[in-house]
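Student:
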Amino acid sequence: MVASTSHHDGSTLGALMADGVSALNAAGIENARMDARILLARAAGVDGGRITAWPEDDVAPEKAAIFRDMIARRARHEPVGRILGERDFWRHTFKLAPDTLEP
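Residue numbers are given in UniProt numbering: position 79 of the sequence shown equals residue 79, and the series is strictly consecutive.
(1) Which of the three DSSP states, helix, strand or coil, is assigned to Val46?
(2) Under 8 Å by Cβ, that's how I've got Met70 and Ala43 pegged, so tell me the actual separation to the nearest angstrom.
(3) Please classify Ser11: is it buried, with 16 or more other beta-carbons within 10 angstroms of its beta-carbon, or exposed?
(4) Considering only residues of the same chain and omitting the five flanking positions on each side of Ile38, which have a CB-CB separation below 8 Å?
(5) Could you round the C-beta distance between Pro55 and Gly20 to whole angstroms and report it? I think they count as a contact, below 8 Å.
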């Protein structure tokens, strides 16, 4: 859950986003900002617009850990769709498993 509070461990939407973008840039990921935003929105359970609108909002430690794991996977060049377990194609969302091809 995301909540605005004055006591946090540094896991705010803005801090996580900055760390994610930095890690993906260092790994040579072409769309680092977009990928970090997609992954953070999913991990934190928020709309992507909230990341920009309220970067000071805290992210629960377990959700921050999920995001950091997602970023580590993406930094190893694992596709975002594989990390999320789904991929949008045209107007449909398809679930992905390790043995399925991406649309």
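In this text, a Cβ means the ideal position worked out from N, Cα and C, and glycines have one as well.
Tutor: Let's see:
(1) Locating residue 46 in the sequence shown gives position 46, where the first residue counts as 1. Val46 carries a coil assignment under DSSP once its states are collapsed to helix, strand and coil.
(2) The residue given as residue 70 occupies position 70 in the sequence shown. The residue given as residue 43 occupies position 43 in the sequence shown. Going by Cβ atoms, the distance from Met70 to Ala43 rounds to 6 Å, so yes, they are a contact pair.
(3) One-based indexing of the sequence shown puts residue 11 at position 11. With at least 16 other beta carbons inside 10 angstroms of its own, Ser11 counts as buried.
(4) Position 38 of the sequence shown, counted from the first residue, corresponds to residue 38. The beta carbon of Ile38 is closer than 8 Å to those of Gly48, Val80 and Leu84 in its chain, skipping five residues each way along the sequence.
(5) Within the sequence shown, residue 55 is the residue found at index 55, counting from 1. Within the sequence shown, residue 20 is the residue found at index 20, counting from 1. About 12 Å separates the two Cβ atoms, so there is no contact after all.
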